[in-house]
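All remarks here apply to the structure that follows.
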Amino acid sequence: MATLEIECPVCAEVLELSDADRAELKVGDVIVCDSCNAEMEITRNGGGEDFELELLGILTLCPNCNEEFEVTEDVLAAAPTVQATDGSEVSLVSCPHCQASIELEFEDEEDRPALSSQ
Ligand SMILES: [Zn+2]
Ligand SMILES: [Zn+2]
């Protein structure tokens, strides 16, 4: 049975969809990454390699109030980025429930410009 492998656009985890999984999925359905809880809407599901996803948002659990909320690309675009103590860049978003500031870190090593060592 053919299995389609999709790479999560957020955490690069490989999600495997079997033919049976895909037969159940329709355009407009949402799948969720097991690893980072990113939500992706299916925009094409034709068969074979004809499959496309659009990233909707990431479900995040607030460490302060334990409520889940969704971080979308728009939220991330508006969120300020700060340098974390370990030197990595994190985005600061605020929880819609308790207004706590939450640091979000995404691993996107492919997009990161290489640091020149001078
Ligand atoms: Zn993911
Ligand atoms: Zn909260």
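Residues 101 to 218, numbered by the numbering used here, are exactly what the sequence shown covers, in order. For glycine and all other residues, C-beta sits at the position ideal for the given N, C-alpha and C. Keep in mind it's a predicted model, so treat the numbers as computed, not measured.
- The continuous beta strand (DSSP E) containing Ala138 extends over residues Ala138 to Gly147.
- In this structure, Asn137 has its CB at a distance of at least 6 Å from all heavy atoms of ligand 2.
- In this structure, Glu170 sits away from Val190, with a CB-CB distance that is not shorter than 7 Å.
- Proximity annotation: ligand 2 has residues Cys162, Asn164, Cys165, Glu167, Cys195, His197, Cys198 and Ala200 in chain order, each selected because its CB is closer than 7 Å to a heavy atom of the ligand.
- When distances are taken from the beta-carbon of Val127 to the heavy atoms of ligand 1, even the shortest one reaches 6 Å or more.
- The C-alpha of Asp174 is placed about 17 Å away from the C-alpha of Leu153.
- Residues Ile142, Thr143, Arg144 and Asn145 of the same chain have their beta carbon placed closer than 8 Å to that of Val127, with the five preceding and five following residues left out of the count.
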